[in-house]
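Before any comments, here is the structure.
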Amino acid sequence: MKIAVVKEQAAGEKRVAATPETVKKFIGLGAEVAVEAGAGLTASIADGDYAAAGATVADRAATLAGADIVLGVQGPAPESLAGVKPGAWIVAGLNPFGERARVDAYAAAGYEALAMEFMPRITRAQSMDILSSQSNLSGYKAVLDAAAEYGKAFPMMMTAAGTVSAAKAFIMGVGVAGLQAIATARRLGAQVSATDVRAATKEQIESLGAKAIFVEKVAGIEGEGTGGYATEMSEEYKAAQAELVSAHIAKQDIVITTALIPGRPAPRLISDAQIATMKPGSVIVDLAVEQGGNVEGAVAGEVVERHGVKIVGHRNVPSRLAADASALFSRNLFNFLSAFWDKEKGAPVLDEEIGNAIRLTQGGKVVNERLLG
Numbered sequence: 001m002k003i004a005v006v007k008e009q010a011a012g013e014k015r016v017a018a019t020p021e022t023v024k025k026f027i028g029l030g031a032e033v034a035v036e037a038g039a040g041l042t043a044s045i046a047d048g049d050y051a052a053a054g055a056t057v058a059d060r061a062a063t064l065a066g067a068d069i070v071l072g073v074q075g076p077a078p079e080s081l082a083g084v085k086p087g088a089w090i091v092a093g094l095n096p097f098g099e100r101a102r103v104d105a106y107a108a109a110g111y112e113a114l115a116m117e118f119m120p121r122i123t124r125a126q127s128m129d130i131l132s133s134q135s136n137l138s139g140y141k142a143v144l145d146a147a148a149e150y151g152k153a154f155p156m157m158m159t160a161a162g163t164v165s166a167a168k169a170f171i172m173g174v175g176v177a178g179l180q181a182i183a184t185a186r187r188l189g190a191q192v193s194a195t196d197v198r199a200a201t202k203e204q205i206e207s208l209g210a211k212a213i214f215v216e217k218v219a220g221i222e223g224e225g226t227g228g229y230a231t232e233m234s235e236e237y238k239a240a241q242a243e244l245v246s247a248h249i250a251k252q253d254i255v256i257t258t259a260l261i262p263g264r265p266a267p268r269l270i271s272d273a274q275i276a277t278m279k280p281g282s283v284i285v286d287l288a289v290e291q292g293g294n295v296e297g298a299v300a301g302e303v304v305e306r307h308g309v310k311i312v313g314h315r316n317v318p319s320r321l322a323a324d325a326s327a328l329f330s331r332n333l334f335n336f337l338s339a340f341w342d343k344e345k346g347a348p349v350l351d352e353e354i355g356n357a358i359r360l361t362q363g364g365k366v367v368n369e370r371l372l373g
């Protein structure tokens with residue numbers, strides 16, 4: 001069983017799908033591991049570290065030759081996988097909805113593509129969940145990015161020259177990223193408030209010491225989606241939420257938006273008119289900018305200014321913390337493959353619950369129900 005770890009080719013991608021730690025663990029299972037030269041350099045991992053862990057470090061062609069499993073952070077281009085065995089597993093974040101043509105190409109090439117972001121959010125799969133591990137870092141980094149753009153201090157400071165007021169931070173969307181953003185902003189000394197369409201998150205917000213901002217007594221709340229995600233709201237709820245949020249946003253110094261709905265464009269949370277009510281020098285960080293954005297006027301890959309307010313739209317935020325993001329991502333992949341490792345076969349064998357959830361292609365066809373519906 002040969003596992004190949006490739007160097008990421010997507011623009012700006014600094015993460016890597018395996019670390020020396022997970023290489024050792026794969027070898028301990030009986031696998032052979034090959035790593036493309038330079039794969040870990042942008043995540044502060046030298047080729048020699050992989051070699052010391054027992055991996056073969058080689059060029060891309062030699063790394064992929066005869067590979068049974070290819071590990072990536074983002075899905076490798078099908079045309080870049082020459083030498084990989086027919087039926088080999090491609091295990092990575094594959095962006096199935098956004099990169100459907102690539103999924104079709106995996107099927108045509110005879111690969112079995114496994115999308116790690118489709119991992120079901122069930123108890124036994126928590127340690128395999130790349131969305132949670134990467135979102136945790138995104139929430140943290142979003143607050144640091146906001147602090148870097150904000151022209152004032154976060155905490156209240158009492159000095160001989162007078163008092164500096166604490167920054168007011170508002171987190172919109174309280175999933176994994178939002179919760180970490182709350183915790184990080186609190187640690188930096190901000191006055192933090194947060195909102196979400198899912199009523200169950202109110203207790204989580206308050207447990208972290210933040211103020212919960214919620215629409216009350218409005219019929220048609222449909223926010224309790226499956227897998228921990230939100231669903232679309234009723235029109236009445238949307239109107240009530242917009243009114244509540246508008247009044248609150250006008251008082252904020254920092255706003256961080258994190259709302260995503262799988263397979264659909266990110267919901268619009270902040271309008272240009274709402275931005276115009278904010279104080280000059282305020283900062284908004286849109287973590288959903290690559291899926292269309294929660295904030296009107298946000299631009300992927302740029303920091304723009306509207307009405308004196310900076311809107312931060314960095315791409316691929318986990319990659320901005322490449323070393324830690326790689327460590328967590330690679331453990332997710334190892335936890336996944338090792339959980340299904342069959343010692344007799346010397347290879348992983350998936351069960352139906354998780355296998356059917358994440359398998360996109362098999363036998364030359366696209367087989368995942370979420371892509372066929």
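Numbering (my numbering), first residue to last: 1 to 373.
Backbone N, C-alpha and C fix where the C-beta goes; we use that ideal spot for every residue, glycine too.
Note that this is a predicted model, so its numbers are computed, not measured.
In this structure, the alpha-carbon of G313 lies about 43 Å from that of G30. In the structure shown, the three-state DSSP call for Q180 is helix. In terms of CA proximity to R264, A288 leads the group Q241, A288, M278 and V255. Rounded to the nearest whole angstrom, the CA to CA distance from A147 to V283 is 9 Å. Per DSSP, reduced to three states, the secondary structure at F214 is coil, with no helix or strand assignment. Taking C-alpha positions only, V70 is separated from T123 by approximately 26 Å. The Cβ neighbour count for L179, taken over all protein chains shown within 10 Å, is at least 16; the residue is labelled buried. The alpha carbon of I130 has as its nearest neighbour, out of T361, D324 and G346, the alpha carbon of D324. Per DSSP, E302 is not a residue of any beta strand (DSSP E), being assigned neither H nor E. Along the length of the region 262-298, whole alpha helix (DSSP H) runs at least 4 residues long occupy 272-276, reported in chain order.
In the structure shown, V245 falls within a helical segment according to DSSP collapsed to helix, strand and coil. The straight-line gap separating the alpha-carbon atoms of A109 and G301 is approximately 32 Å.
If you look at G48, you'll find it in the alpha helix (DSSP H) that goes D47 to A53. Secondary structure of D351 (DSSP, three-state): coil. Residue pairing by DSSP puts F170 in a beta bridge opposite S193 and V255. Taking a C-beta distance under 9 Å as the contact criterion, F118 and I358 qualify as a contact pair. Contact annotation, P155 with L208: C-beta distance approximately 16 Å; criterion of less than 8 Å not satisfied. Restricting attention to G28, V33 and G12, the CA atom closest to the CA of V5 is found in V33. For R315, same chain residues with a beta-carbon under 7 Å away, outside a window of 5 residues either side, are G12, E290, A300 and G301 in chain order.
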